[in-house]
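Protein chains in written order, with my numbering: chain A, 146 to 264; chain B, 146 to 264; chain C, 101 to 198; chain D, 101 to 198; chain E, 2 to 123; chain F, 2 to 123. Where a beta carbon is used, it is the ideal one built from N, C-alpha and C, also for glycine.
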Amino acid sequence: MKFGILVNEGPYQHQASDSAYLFCKAALEKGHEIHRVFFYHDGVNNSTRLTEPPQDDRNIVKRWTKLAEEHKLDLVVCVAAALRRGIVDDNLAPGFRISGLGQLVETGIEADRTVTFGD
Amino acid sequence: MKFGILVNEGPYQHQASDSAYLFCKAALEKGHEIHRVFFYHDGVNNSTRLTEPPQDDRNIVKRWTKLAEEHKLDLVVCVAAALRRGIVDDNLAPGFRISGLGQLVETGIEADRTVTFGD
Amino acid sequence: MLHIINKSPLEKNSLDTCLAVAQDGGIILLIEDAVYAATSGNAAAAKLSAAQGRLKICVLGPDLEARGMADRLLEGVTRIDYGGFVDLAAEHKCQSWL
Amino acid sequence: MLHIINKSPLEKNSLDTCLAVAQDGGIILLIEDAVYAATSGNAAAAKLSAAQGRLKICVLGPDLEARGMADRLLEGVTRIDYGGFVDLAAEHKCQSWL
Amino acid sequence: MAGTIKKFMFVNRKAPYGTVYALESLEVVLISAAFDQDVSLAFLDDGVYQLKKGQQTKGIETKNFSPTYRALDGYDIEKLYVEQEAMEARGLTEEDLLVDVTVLSRREMGALMEEQDVVLSF
Amino acid sequence: MAGTIKKFMFVNRKAPYGTVYALESLEVVLISAAFDQDVSLAFLDDGVYQLKKGQQTKGIETKNFSPTYRALDGYDIEKLYVEQEAMEARGLTEEDLLVDVTVLSRREMGALMEEQDVVLSF
Chain A
146 MKFGILVNEG PYQHQASDSA YLFCKAALEK GHEIHRVFFY HDGVNNSTRL
196 TEPPQDDRNI VKRWTKLAEE HKLDLVVCVA AALRRGIVDD NLAPGFRISG
246 LGQLVETGIE ADRTVTFGD
Chain B
146 MKFGILVNEG PYQHQASDSA YLFCKAALEK GHEIHRVFFY HDGVNNSTRL
196 TEPPQDDRNI VKRWTKLAEE HKLDLVVCVA AALRRGIVDD NLAPGFRISG
246 LGQLVETGIE ADRTVTFGD
Chain C
101 MLHIINKSPL EKNSLDTCLA VAQDGGIILL IEDAVYAATS GNAAAAKLSA
151 AQGRLKICVL GPDLEARGMA DRLLEGVTRI DYGGFVDLAA EHKCQSWL
Chain D
101 MLHIINKSPL EKNSLDTCLA VAQDGGIILL IEDAVYAATS GNAAAAKLSA
151 AQGRLKICVL GPDLEARGMA DRLLEGVTRI DYGGFVDLAA EHKCQSWL
Chain E
2 MAGTIKKFMF VNRKAPYGTV YALESLEVVL ISAAFDQDVS LAFLDDGVYQ
52 LKKGQQTKGI ETKNFSPTYR ALDGYDIEKL YVEQEAMEAR GLTEEDLLVD
102 VTVLSRREMG ALMEEQDVVL SF
Chain F
2 MAGTIKKFMF VNRKAPYGTV YALESLEVVL ISAAFDQDVS LAFLDDGVYQ
52 LKKGQQTKGI ETKNFSPTYR ALDGYDIEKL YVEQEAMEAR GLTEEDLLVD
102 VTVLSRREMG ALMEEQDVVL SF
């Protein structure tokens, strides 16, 4: 089955990004496909390569990058939301790309299920 | 009277930063002093110089910068919260500086009133 | 004490808790989405009215106008602008119910 | 329909609205801070129990354990892990009550 | 999957201005119009406030995006559903709203949601 | 202002892990200890869940910060107040909590808040 994932909140402030990551990992382990993870609203803040969380806590951004590398995930950051919040190509972590909102609608069409994680 | 201001949320996602800005502006117009504006939690995201909101909406970051220039405001971004969220010196908008959480406690001590804006 | 509330009373519990904790003589200032609490017809309005004897209720006008609710402010609630917010904060210690 | 709730029932209104809207035969999955709703002694537990005839109630175990509430799960509520969450989402259309 | 038409529902449960969700939800809705899908908007709880007439945002120095709801029509987005109980709990009637809507009870809203292929909440 | 001692109260009304507020609030509390102020912590509503014993965060791959509450003592932060009504509405008793606390009714909590110089909420 093909899942589409929508993440509406940034890293650390809300659990949304953690929950979405653990859901994706479990889905991939079960042999499902992740069509795309779309980051919207403050969710775009998950894509900055500049975070340096404390050593004894998880690194949310790096976890997404690693999962994307291992499973060729398509991590898409909404351009309109990114412009509002100062997320730019120069600071993007590996595995993420900036694109339009149409990619979210497309995910809704192409994926068998769309699961949303937010506040 | 000397006000200290605490902002706990980032730009656009929540109204907190807008409300804090309008409060500061009104306080300054009335001749009060703003001891410091401290940005904590996602509030640190107010300090990035990389935001480009739509032309027909307010520019939250630039407004803070302008207010700081006109009134010599001390806009302090919490370093621990900033590290978690990828806010670094290189991308800081003019008028903001990164410093420790102690500056928030100091504001509580030195200001006559501390007013918090959050989610 | 100036109690600042910023959430809709039908979405979150902050107004309820504040009303239960706030001491007599305090002031409740409704800002942002909390302004809906002070509009006629809102299911939470009765709670505010009941508290009006012992607490002063104020609402931030610009937030009320932004939401198109300026013409249905509850009776007995004082409407203030940002200058009035500053005055209240200067006169009283402040607490935000986040 | 799989209804996903992530907020504490004593803080926000999402569980209440979901219970009122959800059609019979649906599944409620409590994740993140919503897991508190399915713990004994919680003021919202009765609402969940009342809905158990017509809706299946599930809770995400890892979130329950994180919050130290694993030993007080309400009777009749099914505890699942992330794999179980994926299975439910694969079997049913999903809606998050944000 | 070219030519696939799915039923999309955008669920709005949050008031405008206090958070950005209402505005950014509307941005997705406008984009979705370009994909020729079967689009519905549902307004529950405080979401009904998004449609309130008379919004004047000058005093909070923020863009008033409420006129956009009137423009949805031009994008062929015409299925707007509003929760009856939410209107009643907020003292609102259909005359208070910017646009024509279909008022549904919570139960009816639930039935409509069951018919959707994709439900997006912000 | 050197030598000024103010009464600081940190108000916690949110559950842990769902949002970062509990963790980052604790970080401020620890810093405040260095300033020799009169510090109190208040736990209302879902904030009482922060002190729940037995938190095991391995399954959500997140740091368990609850042991820090036990360490507050070592920073001379000993005034922890918990709302009685919040405990009751959540089926919790003092035995469920990680640390010794003073249980206050909402009314008593309100009176204590009035005595503070600075009330910080996150």
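Task: Partners in chain F for Arg179/D, counting only beta-carbon separations shorter than 9 Å - done: Against the fourth sequence, residue 179/D aligns to sequence position 79. The contacting residues do not exist; Arg179/D stays about 11 Å from chain F at best.
Task: Residue range of the unbroken alpha helix (DSSP H) whose run includes Gln85/E - done: Numbered from its first residue, the fifth sequence carries residue 85/E at position 84. Per DSSP, Gln85/E belongs to the alpha helix (DSSP H) from Gln85 to Ala90.
- [ ] Assign Thr196/B to one of three DSSP states: helix, strand, or coil.
- [x] On the second sequence, position 51 is the one that residue 196/B refers to. Looking at Thr196/B - three-state DSSP - the assignment turns out to be coil, as it is neither helix nor strand.
TODO: Verify whether the separation of the beta carbon atoms of His180/B and Asn153/B is less than 8 Å.
DONE: Walking along the second sequence from the start, residue 180/B turns up at place 35. Walking along the second sequence from the start, residue 153/B turns up at place 8. No. Outside cutoff.
Open item on the list: So with CB distances below 7 Å, who are the chain B contacts of Tyr18/E?
Closed with: Start at 1 with the first residue of the fifth sequence, and residue 18/E comes out as number 17. The contacting residues are Gln160.
Open item on the list: Check whether chain C comes within 8 Å of Asn106/D, counting only Cβ atoms and requiring the distance to be less than that.
Closed with: Residue 106/D sits at position 6 when you count from the first residue of the fourth sequence. No, Asn106/D lies away from the interface with chain C (no Cβ there is under 8 Å from its Cβ).
Task: Bridge partner(s) assigned by DSSP for Thr261/A - done: If you number the first sequence from 1, residue 261/A lands on position 116. According to DSSP, Thr261/A bridges with Leu151/A.
TODO: Just tell me which of Ala189/C, Gly161/C and Tyr182/C has its CA closest to the CA of Thr139/C.
DONE: Along the third sequence, read from residue 1 onward, the residue named residue 139/C stands at position 39. That would be Gly161/C, whose Cα lies nearest to the Cα of Thr139/C.
Open item on the list: Would Asp37/F and Ile6/F be called neighbours here (beta carbons separated by less than 8 Å)?
Closed with: Here residue 37/F is taken as the residue at index 36 of the sixth sequence, counted from 1. Here residue 6/F is taken as the residue at index 5 of the sixth sequence, counted from 1. Going by C-beta atoms, Asp37/F is nearer than 8 Å to Ile6/F.
Task: Residues of its chain near Val159/C, where Cβ-Cβ distance is below 6 Å and the 5 sequence neighbours each way are ignored - done: Within the third sequence, residue 159/C is the residue found at index 59, counting from 1. Within the same chain, Val159/C has close Cβ partners Leu130, Val135, Ala138, Val177 and Arg179.
- [ ] Determine the chain B residues that contact Lys193/C at a beta-carbon separation under 8 Å, and present them in chain order.
- [x] Locating residue 193/C in the third sequence gives position 93, where the first residue counts as 1. In chain order: Arg258.
TODO: Output yes or no for whether 8 Å exceeds the beta carbon distance between Phe148/B and Ala171/B.
DONE: One-based indexing of the second sequence puts residue 148/B at position 3. One-based indexing of the second sequence puts residue 171/B at position 26. Against a cut-off of 8 Å, the Cβ pair of Ala171/B and Phe148/B comes out as no contact.
- [ ] Report the neighbours of Asp264/A on chain D: residues whose CB is nearer than 7 Å to its CB, in chain order.
- [x] As a first step, residue 264/A must be located in the first sequence, where it is residue number 119. Ordered by position in chain D, the residues that pass the 7 Å Cβ test against Asp264/A are Leu198.
Open item on the list: Can you check whether the C-beta of His186/A is within less than 8 Å of a C-beta belonging to chain D?
Closed with: Your numbering for residue 186/A matches position 41 in the first sequence. It does not: the Cβ of His186/A has no partner Cβ on chain D nearer than 8 Å.
TODO: Could you please tell me which residues of the region 30-59 of chain F, in chain order, have their CB closer than 9 Å to any CB of chain B?
DONE: Leu31, Ile32, Ser33, Ala35, Phe36 and Gln38
Open item on the list: Assuming Lys112/C and Glu111/D are in contact, meaning their beta carbons sit under 8 Å apart, how far apart are those beta carbons, in whole angstroms?
Closed with: The residue you call residue 112/C lines up with position 12 of the third sequence. The residue you call residue 111/D lines up with position 11 of the fourth sequence. Their Cβ separation, rounded to whole angstroms, is 6 Å, which keeps Lys112/C and Glu111/D in contact under 8 Å.
Open item on the list: Please return the same chain residues whose Cβ sits closer than 6 Å to the Cβ of Ala145/D, not counting the five positions on each side in sequence.
Closed with: Position 45 of the fourth sequence, counted from the first residue, corresponds to residue 145/D. Excluding sequence neighbours, Ala145/D sits near Leu174.
TODO: Using a Cβ-Cβ cut-off of 8 Å, state whether Val12/F counts as contacting chain A.
DONE: By 1-based counting over the sixth sequence, the position of residue 12/F is 11. With 8 Å as the cut-off, Val12/F does not count as an interface residue toward chain A.
Task: Closer than 8 Å to chain B by CB, Ala122/C - done: Against the third sequence, residue 122/C aligns to sequence position 22. Not closer than 8 Å to any Cβ of chain B, the Cβ of Ala122/C fails to qualify, so no.
TODO: In angstroms with no decimal places, state the Cα-to-Cα distance between Glu95/F and Glu89/F.
DONE: Residue 95/F sits at position 94 when you count from the first residue of the sixth sequence. Residue 89/F sits at position 88 when you count from the first residue of the sixth sequence. Their Cα atoms are separated by approximately 11 Å.
Task: Cα-Cα separation, Val222/B to Asp187/C - done: For the purposes of this step, residue 222/B is identified with residue 77 of the second sequence, where counting begins at 1. For the purposes of this step, residue 187/C is identified with residue 87 of the third sequence, where counting begins at 1. Going from the Cα of Val222/B to the Cα of Asp187/C covers about 27 Å.
TODO: Apply the 10 Å Cβ neighbour rule to Thr103/F and answer buried if 16 or more other Cβ atoms are within range, or exposed otherwise.
DONE: Indexing the sixth sequence from 1 puts residue 103/F at position 102. Exposed: under 16 other Cβ atoms inside 10 Å.
Open item on the list: Does any residue of chain C have a CB that is nearer than 8 Å to the CB of Arg107/F?
Closed with: For the purposes of this step, residue 107/F is taken as the residue at position 106 of the sixth sequence. So yes, Arg107/F belongs to the interface.
Task: Gly75/F classed as buried or exposed, judged by whether at least 16 other C-beta atoms fall within 10 angstroms - done: As a working note, residue 75/F is residue 74 in the sixth sequence. That one is exposed.
Open item on the list: Which residue wins for smallest C-alpha separation from Arg108/F, given the options Val121/C, Asp171/C and Asp181/C?
Closed with: One-based indexing of the sixth sequence puts residue 108/F at position 107. For the residues Val121/C, Asp171/C and Asp181/C, the minimum Cα distance to Arg108/F belongs to Val121/C.
Open item on the list: Please list, in chain order, the residues of the region 119-144 of chain D that have any C-beta partner in chain F closer than 8 Å.
Closed with: Glu132, Asp133, Tyr136, Thr139, Ser140, Gly141, Asn142 and Ala143
- [ ] Would you verify that the beta carbon of Val186/D is, or is not, closer than 8 Å to some beta carbon of chain A?
- [x] Counted from its first residue, the fourth sequence places residue 186/D at position 86. Chain A contact via Cβ: present.
Open item on the list: Quick check on DSSP: helix, strand or coil for His177/A?
Closed with: Locating residue 177/A in the first sequence gives position 32, where the first residue counts as 1. Residue state, collapsed to three classes: coil.
Open item on the list: Tell me the rounded alpha-carbon separation between Leu102/C and Ile128/C.
Closed with: Position 2 of the third sequence, counted from the start, is the residue given in the question as residue 102/C. Position 28 of the third sequence, counted from the start, is the residue given in the question as residue 128/C. Distance between the alpha carbons of Leu102/C and Ile128/C is about 6 Å.
Task: Buried versus exposed call for Gln51/E [16 or more other C-beta atoms within 10 Å across all chains shown] - done: Counting from 1 along the fifth sequence, the entry for residue 51/E is found at position 50. With 16 or more other Cβ atoms within 10 Å, it is buried.
TODO: Check the Cβ of Thr63/F against every Cβ in chain A and list those closer than 9 Å, keeping chain order.
DONE: Position 62 of the sixth sequence, counted from the start, is the residue given in the question as residue 63/F. Chain A residues near Thr63/F: Gln160, Asp163, Asp202 and Arg203.
Task: Helix, strand or coil at His201/D according to DSSP, with G and I counted as helix - done: The structure shown does not extend to residue 201/D, since chain D is modelled only from 101 to 198, so the question has no answer here.
Task: Leu31/E in three-state terms, based on DSSP - done: As a first step, residue 31/E is located in the fifth sequence; it is residue number 30 there, counting from the start. Leu31/E: helix per DSSP, three-state reduction.
TODO: Starting from Gly92/F, find everything on chain D with Cβ-Cβ shorter than 9 Å and list it in chain order.
DONE: Position 91 of the sixth sequence holds residue 92/F. Neighbours of Gly92/F on chain D, chain order: Thr139, Ser140, Gly141, Asn142, Ala143, Ala145 and Arg172.
Task: Three-state class that DSSP yields for Thr103/F in the structure shown - done: Here residue 103/F refers to the residue found at position 102 of the sixth sequence. The answer is strand: DSSP assigns Thr103/F an E or B state.
TODO: Anything in chain A within Cβ reach of Tyr22/E, meaning under 9 Å, just list it in chain order.
DONE: Reading the fifth sequence from its first residue, position 21 is the one you call residue 22/E. Residues of chain A passing the Cβ test: Asn153, His186, Gly263 and Asp264.
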